[in-house]
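Heads up: take any position in the sequence shown, counting from 1, add 301, and you land on this note's numbering.
Below is one structure; the comments refer to it alone.
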Amino acid sequence: MPNITDDTAKNVKLYTEGNVYVNGNLFAQEAKAASVTGGTIEQLSSRTIKENIRDLSSQEAAEMLKQLNPVKFNYTLPTDQTLHTGFIAEEIPELLTSPDRQAVRLLDVVAVLTKTIKDQREGMLLLNRVVKQQQAAIAALTEKVAQLENR
Numbered sequence: 302m303p304n305i306t307d308d309t310a311k312n313v314k315l316y317t318e319g320n321v322y323v324n325g326n327l328f329a330q331e332a333k334a335a336s337v338t339g340g341t342i343e344q345l346s347s348r349t350i351k352e353n354i355r356d357l358s359s360q361e362a363a364e365m366l367k368q369l370n371p372v373k374f375n376y377t378l379p380t381d382q383t384l385h386t387g388f389i390a391e392e393i394p395e396l397l398t399s400p401d402r403q404a405v406r407l408l409d410v411v412a413v414l415t416k417t418i419k420d421q422r423e424g425m426l427l428l429n430r431v432v433k434q435q436q437a438a439i440a441a442l443t444e445k446v447a448q449l450e451n452r
C-alpha cells in the first residue's frame, strides 16, 4: 500500500514498494539521478501498445541528427548550479519533443542515434571491404611492376 504524504503545498512524496505507473505525462523539475535509488526508470515500449510501426529511414535519422546541437548549460533554478549537458527542446526536431516543445523525449533521441550508428557501422564495413580489395589490387600491380622491371 503506497504511503503518500503532503508536507507542504509544494511537496508531495510517494513511498511505495513495487511499481508505479503514470497514465499521462510525468515531469520532474530539479530531479537528480541520485534521487532515484534502488531501481530504474523505464518507458513502456511493447509492440502491444503501439500501432503504425514503421522503420526509421536512414535519411530521416540523418536529418534529425543534423538538427541536434548538444549544449552545456546551468538551470536557472538557484538550487542547482551543476553544469549539465543536453539539448534545447525548442531547437530540436518536433518529433523528438513533447507536444508543448518544453521537454525532450530522450528515448526518441536514442532511436535516432541508434539508427545513425548502425548506418555508420554498415558504411565502415563497406569501406573496409573496399580498402582490402584495393590493397589486394595494389599488391598485384606492385608485383607486376616488379616483374616488368626485372626483365
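C-beta: ideal position from N, C-alpha, C; glycine also.
C-alpha distance - residue 351 paired with residue 324, whole-angstrom precision: Residue numbering aside, residue 351 sits at position 50 when the sequence shown is read from its first letter. Residue numbering aside, residue 324 sits at position 23 when the sequence shown is read from its first letter. One C-alpha to the other measures close to 15 angstroms.
Would you mind working out which of 369, 408, 375 and 378 sits nearest residue 391, comparing C-alpha positions? By one-based count along the sequence shown, residue 391 stands at place 90. Of the listed residues, the one whose Cα sits closest to residue 391 is 369.
Nearest to residue 361 (by Cα), restricted to the options 410, 382 and 319: In the sequence shown, residue 361 corresponds to position 60, counting from 1. Checked all of 410, 382 and 319; the closest Cα to residue 361 is 410.
Residues bridged to residue 373 [DSSP beta-bridge criterion]: As a position in the sequence shown, residue 373 is number 72, starting the count at 1. For residue 373, the beta-bridge partners assigned by DSSP are 386.
Is DSSP giving residue 321 helix, strand or coil here? What you label residue 321 is simply residue 20 of the sequence shown in a count that begins at 1. Assignment of residue 321 by DSSP, reduced to helix, strand and coil, places it in the coil class.
Excluding five sequence neighbours on each side, which residues of the same chain lie with their C-beta closer than 6 angstroms to the C-beta of residue 443? Locating residue 443 in the sequence shown gives position 142, where the first residue counts as 1. Scanning its chain for C-beta atoms nearer than 6 angstroms, with the 5 sequence neighbours on each side dropped, one finds no residue around residue 443.
Using only the alpha-carbon positions, how far apart do residue 428 and residue 421 sit? Numbered from 1 along the sequence shown, position 127 holds the residue referred to as residue 428. Numbered from 1 along the sequence shown, position 120 holds the residue referred to as residue 421. Computed Cα separation, rounded: 10 angstroms.
With DSSP collapsed to three states, give me the class of residue 398. Locating residue 398 in the sequence shown gives position 97, counting from the first residue. When secondary structure is reduced to three states using DSSP, residue 398 falls in the strand class.
DSSP state of residue 345 mapped onto helix, strand, coil: Counting from one through the sequence shown, the residue named residue 345 turns up at place 44. Three-state result, residue 345: coil.
Compute the Euclidean distance between the alpha carbons of residue 492 and residue 367, then round it to the nearest angstrom. There is no way to answer for residue 492, as the model of the chain reaches only from 302 to 452.
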